[in-house]
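Residues 14 to 330 (the working numbering) are what the sequence shown spells out, left to right. Where a beta carbon is used, it is the ideal one built from N, C-alpha and C, also for glycine. The block underneath contains the structure these notes are about, expressed in structure tokens.
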Amino acid sequence: MKKFSEFFENWLHQNYYKKVTKIGKEGDFFTAVSVGNLFGTLIAQHFLDLIDKKILTPPLQVVEIGANEGYLSKDFLSALLEFRPELFKEIEFYIIEPHSKLQNLQKHTLQNIDFHHKNSLKECEFENAFIFCNELFDSFSCELINEDKMAFIENFEIHFLAMDDYTKSKCQELKLLKGELSFALEDFFKDLNKACKKFILAGFDYGVLNPNSLSLRIYQNHKIFNPFTSKLQDFFGQSDLTYDVNFTHLYQLCDFYNFKILSFEKQKEALLHFGFEKLLKYTQDKNIKSYENFLQQAKYLFFHFNDKFHFFEIQKA
């Protein structure tokens, strides 16, 4: 019998992602990146706005974590090349990726771009970084909490048994009675703090404040399956496993490390604040086909993703 977090890690990171997962129409689930280049273009526009407001000051290390095939990085960097090519003299680009097959895919996607691979944050020493990620934290291993019990796995069956003292104390800190608890998120913040003298982390994830229910779910061919009523062995390592991030935990960790939360809002609100209307006007004046394409993508980005999809921006100054 093993803790659910070990089972989750084995399922997702030692099997599913390692095999090179297709995302989008041909995969198990969509992300904002699957919609097209509008998402990455708006993040690039936001990045430039942070520089213009002197919240970020070059020279910079620009880093994506969890890049999968590398399309978000490609869209982001293509937009930078369009809007401000002279900035490339002042940035170094990195992707943090532990899986060799995904590294090879990323090299192919970004074959004309000079960038560096790192296996983990533990290998990094960044002076001044802008880090971006999409649906990273909801891929971190987690425990399942139900009152005074936590989940264990035996023969692909979930059993809720008494939790250890450390997990119990963490649940008490977070006032968590039912939901997911990720110690991997704590490890990430520890590594992030150690790896960067200064950073801004811009991320998107599904999550809630003060969770009161279990949100764990399986995605296969764009259908959702309940892991508590499904045969787990039929999905193990072949389908996506995810959950809603506990944003209360995120806030607590920011407080512990004295990181400043610059923004926390629903993703559609964030994309508007990134200058969607400004981008439309710029594109309409320059290329009507790109303008029409962005309008089509916007319909999906703004209305397809539910209100649990949030943007958060964190700073260590």
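| Item | Value |
| --- | --- |
| Proximity below 8 angstroms, CB of Tyr-256 to CB of Asp-151 | yes |
| Cβ-based neighbour list, Glu-105, same chain, cut-off 6 angstroms, excluding 5 preceding and 5 following | Gln-74 |
| Which of helix, strand or coil DSSP assigns to Cys-146 | strand |
| Nearest-angstrom Cβ-Cβ length linking Lys-191 and Asn-159, presumed shorter than 8 angstroms | 6 angstroms |
| Alpha helix (DSSP H) segment containing Ile-301, residue limits | 301-316 |
| Beta bridge counterpart(s) of Asp-218 as assigned by DSSP | His-323 |
| Through-space distance from Ala-215 to Leu-266, alpha-carbon basis | 16 angstroms |
| Per DSSP, cross-strand counterpart(s) of Leu-266 | The partner list for Leu-266 (beta bridge, DSSP) is empty, contrary to what the question assumes. |
| Segment contact flag, the segment 239-255 with the segment 275-284, C-beta cutoff 8 angstroms, min 3 pairs | no |
| Given 8 angstroms, three or more beta-carbon pairs between the segment 305-323 and the segment 189-204 | no |
| Nonlocal neighbours in the same chain, by C-beta distance under 7 angstroms from Glu-82, ignoring five residues either side | Leu-118, Gln-119, Thr-122 |
| Bridge-paired residues (DSSP) for Gln-124 | Partner(s): none; Gln-124 has no beta bridge. |
| Per-residue DSSP class, three states only, for Thr-255 | strand |
| Alpha helix (DSSP H) runs contained entirely in the segment 196-252, provided each spans 4 or more residues | 196-208 |
| CA nearest to the CA of Ser-18, picked from Phe-52, Lys-329, Phe-153 | Phe-153 |
| Residue range of the unbroken beta strand (DSSP E) whose run includes Ala-45 | Counting along the chain, Ala-45 falls outside any beta strand (DSSP E), though it belongs to the alpha helix (DSSP H) covering 45-48. |
| Per-residue burial, Lys-312 [other beta carbons within 10 Å of its own, 16 or more giving buried] | exposed |
| Collapsed DSSP secondary structure at Ser-133 in the structure displayed | coil |
| The segment 53-71 / the segment 92-100 touching (three or more Cβ pairs under 8 angstroms) | yes |
| In DSSP terms, what Phe-106 is bridged to | Val-75 |
| Backbone secondary structure at Leu-25 - three-state DSSP | helix |
| Endpoints, the alpha helix (DSSP H) within which Leu-69 is located | Looking at the DSSP string, Leu-69 is not in any alpha helix (DSSP H), and its letter there is neither H nor E. |
| Alpha-carbon to alpha-carbon, Phe-322 and Glu-193 | 17 angstroms |
| Simplified DSSP state of Leu-174, which is helix, strand or coil | strand |
| Closest residue to Tyr-107 among Arg-97, Pro-98, Asp-161, Lys-87 (Cα-Cα distance) | Lys-87 |
| Residue span of the beta strand (DSSP E) that contains Ala-92, given as start and end | That residue, Ala-92, is in no beta strand (DSSP E); its alpha helix (DSSP H) goes 84-96. |
| Proximal residues to Lys-225 (C-beta, below 6 angstroms), its chain only, five neighbours per side dropped | Strictly speaking, residue 225 in this sequence is Asn, with Lys absent from that position. Lys-191, listed in sequence order. |
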